[in-house]
Amino acid sequence: MTDWYITEFTAEQKEQQQRAETVMLNLRECQRVASRDNYYWEFSAEGGKVCLVSRGKVTPSTLHSSPNRDLDVIHRKQWAKYESAINNLQAAEKSYLEVVEENKDFGIGSAEPIAIQILNKLHDYGVLHFHRVIGTHALFAYQSAAGVTFDDGNTSTQDIDMLWNRKQRMEFRRVLDGVHPQISMIEVLQTVDESFQRSEENSESAINADSFSVDFLRMEDKPRPETKDLQAVCMSDTAVDVMPVVAVGSEIFMRGQPFEKVVISYTGEMCLMPTIDPVIFAHFKQRMAVSADRDPRKINRDRTQSEAVVSLLNGGLLKTTLTAEDLRGFPVEGLVLPA
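Have a look at this one:
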């Protein structure tokens, strides 16, 4: 497929992309297992009796012998799991670094490295799943899924829009505080680039010294609070933290499971990006293109972005995850629905 805004990968590039996806998914699985099994038992004594004491757990625990509990077996099995998890993670990390270099050689990445690093950091803190990437950056997930690249005019951007699930704020804070108590989102971003600060003009945005911004949005509260102070929601108790702005109509972006794909930067770095279904993206962009409130400078880009996604969907390179019933709720001009 070749349109003026789409270039399909060569066979060699597609093969490399598949390898990159396999390696990235394996890394995430090894990280998950290592997080679960990253502890072992040591023999100790308590009250004159032999026991096992955990090493590596956030909350230490002790096991005493009983008729149904063989401490030798428990010690041996967990040590085997611990060693396996560490060895597999180290191998996965090595493979990741090798593939990063290969990705650069094959030229299959085009996303901004800072965006990849931010998403990976949110994953490291355990809070990426509370967000969905919307806006232009979603295109990087679609082009990865389709094995193509879009032209720079469609994908060039100096910001990433993060839709935050405000309904899960308490769980979001519990997870984040479990990693680093009372840490703010600004402080999380500063672990990627220490120059990140909350924007003076827009309290929902964090911006760094290179003018790259992370814009946090959220769904509208229903019923809507009567006063603006009640409508304001901060991501932490820190006074200078970002305050996600309401994105009217954004509840459609949180429907169903996220569209999650491996995304690659032009430096070869990779991440798993949770975004919205491509049909929902095209529907939204077409709606924005005819909105009277839309910035006229963005309307043409809205149209070309939706056309690019529709072209991939109709060509079979990109697949929707929506059911037939859901598809009827998101009419898209030019989209050929499956029979």
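Going letter by letter, the sequence shown gives residues 1 to 339 in UniProt numbering.
Glycine included, every Cβ here is placed at the ideal spot set by N, Cα and C.
Measuring alpha carbon to alpha carbon, tell me which residue in the options is nearest residue i.
i: Glu101; options: Gln17, Asp295, Thr10; result: Gln17
i: Trp79; options: Ser95, Arg55, Glu93, Thr62; result: Arg55
i: Tyr5; options: Cys30, Glu325, Ala85, Val309; result: Val309
i: Pro331; options: Ser265, Glu21, Ile252; result: Ile252
i: Gly316; options: Thr62, Thr267, Leu189, Leu337; result: Leu337
i: Lys121; options: Phe281, Gln190, Ala11; result: Gln190
Is residue i near residue j, with beta carbons less than 8 Å apart?
i: Met273; j: Ala146; result: no
i: Leu71; j: Ala34; result: no
i: residue 340; j: His75; result: The first residue shown for the chain is 1 and the last is 339, placing residue 340 beyond what the model contains.
i: Phe130; j: Asn165; result: yes
i: Pro278; j: Leu327; result: no
i: Glu200; j: Val245; result: no
i: Asp151; j: Leu217; result: no
i: Ile186; j: Asp241; result: yes
i: Ser306; j: Gln286; result: yes
i: Tyr266; j: Ser61; result: no
i: Thr149; j: Thr7; result: yes
Please work out which residues of its chain come closer than 8 Å, Cβ to Cβ, to residue i, disregarding the five sequence neighbours upstream and downstream, and give them in chain order.
i: Val73; result: none
i: Gln13; result: Phe106, Gly107, Ile108, Gly147
i: Asn26; result: Ala92, Ser95
i: Arg294; result: Met288, Asp302
i: Ala20; result: Val99, Glu102, Asn103, Ile108, Val262, Ile264, Met270
i: Lys167; result: Met219
Below 6 Å CB to CB, which residues in the same chain sit around residue i once its five sequence neighbours on both sides are set aside?
i: Tyr82; result: Asp37, Tyr40
i: Ser195; result: Asn208, Ala209
i: Ala247; result: Leu217
Next item on the list: Could I get the ranges of all uninterrupted beta strand (DSSP E) runs contained in the region 216-288, with 3 residues as the minimum, in chain order?
Entry: Taking 3 residues as the shortest admissible run, the region 216-288 contains the following complete beta strand (DSSP E) segments, listed from N- to C-terminal end: 259-264, 270-275.
Next item on the list: May I have a chain-ordered list of the beta strand (DSSP E) segments no shorter than 3 residues that lie completely inside the region 139-177?
Entry: 148-150, 159-164
Note to self: Would you call the region 251-259 in contact with the region 317-324, where contact means no fewer than 3 C-beta pairs closer than 8 Å?
What the structure shows: yes
Notebook entry, point to check: Can we say the region 64-80 touches the region 108-120, given the rule of at least three CB pairs closer than 8 Å?
Noted result: As far as the Cβ criterion goes, the region 64-80 does not touch the region 108-120, which means the pair count is below three.
Notebook entry, point to check: Curious, which full-length alpha helix (DSSP H) runs of at least 4 residues does the region 76-105 contain?
Noted result: none
Checklist line | Validate contact between the region 179-194 and the region 120-127 using beta carbons, cut 8 Å, 3 pairs | finding: yes
Next item on the list: Report yes or no: do the region 130-139 and the region 155-165 share at least 3 C-beta pairs separated by less than 8 Å?
Entry: yes
Item checked: Runs of beta strand (DSSP E) wholly within the region 183-213 (minimum 3 residues, chain order) -> 205-207
Checklist line | Segments assigned alpha helix (DSSP H), at least 4 residues, entirely inside the region 28-79 | finding: none
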